[in-house]
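Engineer: Numbering (the working numbering), first residue to last: -14 to 100.
Each residue gets a CB set at the ideal place from its N, CA and C atoms; glycine is no exception.
One structure, pasted below without further comment.
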């Protein structure tokens, strides 16, 4: 989409030059075992490149735990588990989010339709 090819050496140069944040969202949505295995190999290869380049990279990976028992160890993860929310608390948070993101929207959380 950038209009020209980016070479591996360019990426390596950028990795060494600038800090990176890499977001791997929804790893649990890779259902096929062989595809998941290949994905984990590629992530591991990339993390090796990060280490060899002494790069400043922060990785955020989101997944459900099933299917990845210890497979993400190469990321040296700090694990956070989300608590289940009671429906009333979930609605409160979602209303706050909508009001913050869309303050001018005619359907604010004050609308009777949302109560």
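Taking C-alpha atoms, which residue in 43, 73, 83, 12 lies nearest to residue 56?
Structural biologist: 12
Engineer: By Cβ distance, which residues of its chain are closer than 8 angstroms to residue -3, with the 5 residues on each side in sequence left out?
Structural biologist: 34, 38
Engineer: Do the CB positions of residue 1 and residue 40 come within less than 8 angstroms of each other?
Structural biologist: yes
Engineer: Output the distance between the C-alpha atoms of residue 61 and residue 42, rounded to the nearest integer angstrom.
Structural biologist: 13 angstroms
Engineer: For residue 67, name the three-state secondary structure that DSSP assigns.
Structural biologist: coil
Engineer: My parser needs the alpha helix (DSSP H) runs of 4 or more residues fully inside the region -13 to 71; what are they?
Structural biologist: -7 to 2, 18 to 37
Engineer: Assign residue 6 to buried or exposed, taking buried as 16 or more other Cβ atoms, counted over all protein chains shown, within 10 Å of its Cβ.
Structural biologist: exposed
Engineer: Look up residue 90 in the DSSP assignment and say whether it is helix, strand or coil.
Structural biologist: coil
Engineer: Report buried or exposed for residue 8, applying the criterion of at least 16 other Cβ atoms within 10 angstroms of its Cβ.
Structural biologist: exposed
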